[in-house]
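Below: the structure, in structure tokens.
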């Protein structure tokens, strides 16, 4: 992806670390035309950055919420746009 893209950032809280949350998020991403990454944060939350077409990015976030709802207590979402920064979707460390 290149040029200006829609970007979603999400911060998930709950029982989201040590349960395969990042791995499952990468698996969900395989069904969408998006790129970005997911990573654990030191405060116990998981951070997600996703870029792509707006509808695709929103659908991906909805799918992550549906797939992993049993682990998520709360999610904070921020929407922006800008130059593409990624080509794949992966776990960041």
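Residue numbers (our numbering): 46 to 138.
In this text, a Cβ means the ideal position worked out from N, Cα and C, and glycines have one as well.
| task | If I'm right that residue 126 touches residue 79 with Cβ under 8 Å, what's the distance once you round it to whole angstroms? | result | Against the chain shown, residue 126 aligns to sequence position 81. Against the chain shown, residue 79 aligns to sequence position 34. Residue 126 to residue 79, Cβ: 14 Å. No contact.
| query | By Cβ distance below 7 Å, which residues in the same chain neighbour residue 90 in space, the five residues on each side in sequence not counted? | reply | Here residue 90 refers to the residue found at position 45 of the chain shown. So the qualifying residues of the chain are 56, 57, 58, 61.
| Taking the C-alpha atoms as reference points, what is the distance between residue 94 and residue 83? | Your numbering for residue 94 matches position 49 in the chain shown. Your numbering for residue 83 matches position 38 in the chain shown. If you draw a straight line from the Cα of residue 94 to the Cα of residue 83, it comes to about 6 Å.
| task | Quick one: residues in its chain with C-beta nearer than 6 Å to the C-beta of residue 102, no 5 flanking neighbours on either side, listed in chain order? | result | By 1-based counting over the chain shown, the position of residue 102 is 57. Taking residue 102 as the centre and dropping the five residues before and after it, the same chain places the C-beta of 51, 53, 79, 95 closer than 6 Å to its C-beta, in chain order.
| query | Does DSSP classify residue 128 as helix, strand or coil? | reply | For the purposes of this step, residue 128 is taken as the residue at position 83 of the chain shown. Looking at residue 128 - three-state DSSP - the assignment turns out to be strand.
| field | Integer Cβ distance of residue 64 from residue 116, believed to fall under 8 Å | value | In the chain shown, the residue the question calls residue 64 occupies position 19. In the chain shown, the residue the question calls residue 116 occupies position 71. The Cβ separation is near 6 Å, so the contact holds.
| request: From the DSSP output, in three-state form, read off residue 153 for me. | output: For residue 153 there is no data in the structure shown, the boundaries of the chain being 46 and 138.
| message | I'd like the span of the alpha helix (DSSP H) that includes residue 105, first residue to last. | response | What you label residue 105 is simply residue 60 of the chain shown in a count that begins at 1. For residue 105, the enclosing alpha helix (DSSP H) starts and ends at 99-112.
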